[in-house]
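Protein chains in written order, with our numbering: chain P, 2 to 501; chain S, 198 to 480; chain Z, 446 to 691.
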């Protein structure tokens, strides 16, 4: 910096300060002649704010014309290692306070010297803000801070150095970014992308470059549901006990809970929790709140699953237990619950899958999860491809689980068949499935069989059937399962002589 | 290696074609003209199925200008009951009138507007306080700027944040896909940033304290704090000098040209100022 | 016989299901050590009567005494009472998630509060008694129906009941499996256990019963020694029923 500039700094300090307060919000770091107060670059790593060196980005540079000076031209010089390409461009904005001016100018990017040049036909008066946006320019591929400098020209022909600009933190390009850049150059990728639909939904570069970001969101979503779901289990169990309890008040409370939660969209519950609770003075970390909302919601569904599960245990199990002198509580915990658990695992797994997918609703209130991470790239790139990547991340969890549910249901179906006094003709089948049964280690039966059981127990008192056969389960899931089972083993209900 | 690639490509093509078929069938219900192209259609093929007017531009449906907006940005565009109103809406209706077209307005999330227009199958154009920038210009074609704007920082009226220096480090929010979002990411590196799909959610979060400042467009912010959000204030206006433009599909530059002419005419004959005066009384 | 002397005393028992009267003024006395077999067609109320004895069904009217204690009195501790009344069901009702051994141990542990070692010792003795010690670690689903029923009997016996109730214990079994169960019951009877047995096994009734009761339409229509009831039935309906059976 020359002596004259230093003098100018001292001279203009106070006036510039006063002026800046009126015209701009940015505190003047120092009042050089043409004060560069903003130098930023747009994050160019997909889904993060990192600025990668050697990768095209958009650089924004702002400066304010100092008191007593009239600027006719500016040369902003990029540091060694920067590069411009044919696609690079520059946009000039001049502001008087917050009002946009449109002075005549010529702006260009000189690739050889990596310099952005702007010249004005009419000099810029002091106090005006000059803003340059330079698109698709690459900063040096280094790990550290870089800054722009250069010169400016006054109306009287004097050329002065620009003061040091705020620096930009640059990092090395990641592997994914590297692959993405390589894909950019490939002819088959370009051909692929020439089809609008493929470009907007299946762009190869974005598939690669969005994976690290979307994976972060995936871990968060998975974390939310892995903590939230176990919390929902005791909640659902308690509510289920309340619901089948004879105490009317407990039953009513549980019915209100499940009714309200199952009767309103989770979306709405999330809104109420996130915007309502803070207004009541309850401030909870948003991830903790997410987990609580998910658990609260899922608890209501699990309540119905558990209730249906408990009520699908044959009445004979209660009777056998009670006839041995065991109390209601002992019966529940030693006999009924252990059998219920095995029976509800498939439905619970389905509920887990639903809850996992429902974490996406948290995006609406700004919880950074899988959906919002992918959306952040979508909104940045105007391209739907990250959503497709997100879909894959949902599927890598849900597809295996869906398989597990299918297998569990099959096993339960087999176990149901092996439960009773086998008829001779079924011996072969028994052996074939005996290993299966050992793994399950429990005899279970379908809901309709449970109803039938009640009927059988009371076969001598035909009139009782109408009253007591009401072990009927009304949960859709249970009914659907029963239906499935029925189709799978259509002839079994009548010939089954189960030990139930 | 080559074999593997071609095999993978084949598989991908088949699956993509299947999805495309589904998508086309799904979209085809609304418009009989727009859905006749083949499954593996490029944007060129798709526009071929649209009608080309005597003025040289293409429309998805003859005589109609299908507009999409994100109507939660008063006074630019907002819902009043089931009607969509606002400065942008009056402007595009006037443009439609001058082009002799029936204007239909649809509502959609802001961060999907550019993609919708780039896809070119559902709407002819979008007007929604969309800031012109080169990234967007790669996907869609902008008209000439029709409105100058800045960004504003909105905080609660009693916020302890005294100035812009105090902003870097506090939790802030902006609308997903907006120029405010970009400004935050570039300039407030110390702050936790939360994106919101809709500005009402952003402001709700501001009121609950989830974010302590909201950064979005100046005209909307000023309107907010003087109407429904009197408990909030504009802490500062960030002079970005950004400009709004209407976006159309890249293959339909003629439509942008026609709109530019209508816009110029409106500015010349005072219609533009009349509409602006109606919505920006303060300005 | 007074209520005090008998093991089970049923007096004027009536039971309604909604508006159907399934038991009408039933009076039965069972002496200590006595084996009473209850016969009758389906729907005669014999199972309901049996289930009333340990209150699996709640009587609508009348009184039931076990060892002189009135169980129909609301003040009676029903769980305590059930400890001494073993019951065997038509459907076995073993706990499917527990092995045979654990089935027999569970109530000992929970109700009698026996130590694990003691409960296991008793369980093994009882399983041996029913001839299934070698199946101790099998799950119910791995046992035949007859074996399951024998485990169920062992489970009841482990509680050291004063009276055993059998509710059609062999009706759900394949014919070739019935015998093993009946043998166990027979040996129990010979050991002096008080038993009330609802069954269709005429041969068993003839050979083992001290007394046979014939029920129909919710009433006791005939009662007497096996030879009285089988060889010289007085009641027309008894004759009819026995005729059908034979």
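The beta carbon of each residue, even a glycine, is placed where N, CA and C say it ideally should be.
Source: prediction; values computed, not measured.
Which class does residue i belong to by DSSP, given the choice of helix, strand or coil?
i: residue 332 of chain S; result: helix
i: residue 514 of chain Z; result: strand
i: residue 537 of chain Z; result: coil
i: residue 508 of chain Z; result: strand
i: residue 472 of chain Z; result: strand
i: residue 29 of chain P; result: Residue confidence is low: residue 29 of chain P scores 39 on pLDDT, short of 50, so the model does not pin down where it sits. Its coordinate-derived value is still stated next. Coil at residue 29 of chain P, not helix or strand.
i: residue 276 of chain S; result: strand
i: residue 258 of chain S; result: coil
i: residue 454 of chain P; result: Caution is warranted here: a pLDDT of 41 is assigned to residue 454 of chain P, below 50, making its placement in the model unreliable, and no coordinate value can be reported.
i: residue 460 of chain Z; result: strand
i: residue 374 of chain P; result: helix
i: residue 368 of chain P; result: coil
i: residue 488 of chain Z; result: coil
i: residue 247 of chain P; result: coil
i: residue 327 of chain P; result: coil
i: residue 79 of chain P; result: coil
i: residue 376 of chain S; result: helix
i: residue 58 of chain P; result: strand
i: residue 371 of chain S; result: strand
i: residue 559 of chain Z; result: coil
i: residue 290 of chain S; result: helix
i: residue 36 of chain P; result: strand
i: residue 433 of chain S; result: strand
i: residue 385 of chain P; result: coil
i: residue 365 of chain S; result: strand
i: residue 582 of chain Z; result: coil
i: residue 462 of chain S; result: helix
i: residue 129 of chain P; result: coil
i: residue 543 of chain Z; result: coil
i: residue 89 of chain P; result: strand
i: residue 210 of chain P; result: helix
i: residue 263 of chain S; result: strand
Let me check one thing: in DSSP terms, what residues is residue i bridge-paired to?
i: residue 344 of chain P; result: Residue 344 of chain P pairs with nothing; no bridge assigned.
i: residue 120 of chain P; result: P:74 and P:107
i: residue 215 of chain P; result: According to DSSP, residue 215 of chain P bridges with nothing at all.
i: residue 440 of chain S; result: S:345
i: residue 531 of chain Z; result: Z:609
i: residue 42 of chain P; result: P:60
i: residue 230 of chain P; result: DSSP lists no partner for residue 230 of chain P.
i: residue 350 of chain P; result: Partner(s): none; residue 350 of chain P has no beta bridge.
i: residue 101 of chain P; result: P:96
On the premise that residue j lies in contact with residue i, defined as a C-beta separation below 8 Å, what is that separation, rounded to the nearest angstrom?
i: residue 549 of chain Z; j: residue 571 of chain Z; result: 6 Å
i: residue 320 of chain S; j: residue 309 of chain S; result: Incorrect: roughly 11 Å between the Cβ atoms, too far for contact.
i: residue 351 of chain S; j: residue 429 of chain S; result: 5 Å
i: residue 83 of chain P; j: residue 139 of chain P; result: 6 Å
i: residue 408 of chain S; j: residue 99 of chain P; result: 23 Å between Cβ atoms; not a contact.
i: residue 374 of chain P; j: residue 214 of chain P; result: 5 Å
i: residue 283 of chain S; j: residue 448 of chain S; result: With a Cβ gap of about 28 Å, residue 283 of chain S and residue 448 of chain S do not count as contacting.
i: residue 358 of chain S; j: residue 410 of chain S; result: 6 Å
message = Measuring CB atoms only, is the region 58–67 of chain P touching the region 182–195 of chain P, in the sense that at least three cross pairs come out at less than 8 Å?
response = no
message = Ignoring anything shorter than 4 residues, give me the alpha helix (DSSP H) runs that lie fully in the region 136–194 of chain P, in order along the chain.
response = 176–186 and 188–194
inquiry  = Quick check: the region 372–392 of chain S against the region 453–462 of chain S, are at least 3 beta-carbon pairs closer than 8 Å?
reply    = no
request  = Just list the alpha helix (DSSP H) runs in the region 584–668 of chain Z, keeping only unbroken ones of 4 residues or longer that don't cross its boundaries, in chain order.
outcome  = If we require 4 residues or more, the alpha helix (DSSP H) runs fully inside the region 584–668 of chain Z come out as 590–602, 620–635 and 647–653.
ask   = So does the region 72–79 of chain P actually touch the region 93–104 of chain P, counting three or more Cβ pairs closer than 8 Å?
value = no
request  = Evaluate the contact criterion for the region 523–530 of chain Z versus the region 635–647 of chain Z: three or more CB pairs, one atom per stretch, below 8 Å.
outcome  = Three or more beta-carbon pairs separated by less than 8 Å are not found between the region 523–530 of chain Z and the region 635–647 of chain Z, which leaves the two stretches without contact.
message = As an exercise, report each continuous alpha helix (DSSP H) stretch of at least 4 residues that is fully enclosed by the region 295–328 of chain S, in chain order.
response = Correct list: 310–316.
inquiry  = So within the region 390–425 of chain S, which uninterrupted beta strand (DSSP E) runs reach at least 3 residues, ignoring any that extend past its ends?
reply    = 390–393 and 410–414
The region 274–286 of chain P / the region 392–411 of chain S touching (three or more Cβ pairs under 8 Å) = Between the region 274–286 of chain P and the region 392–411 of chain S there are three or more inter-stretch CB-CB distances shorter than 8 Å, so the stretches are counted as touching.
task = Could you tell me whether the region 246–261 of chain P touches the region 211–225 of chain P, where touching means 3 or more Cβ pairs closer than 8 Å?
result = no
query = Given 8 Å as the limit, is there contact between the region 450–465 of chain Z and the region 612–624 of chain Z, that is, 3 or more CB pairs closer than that?
reply = no
ask   = Between the region 294–302 of chain P and the region 354–367 of chain P, are three or more C-beta pairs nearer than 8 Å?
value = yes
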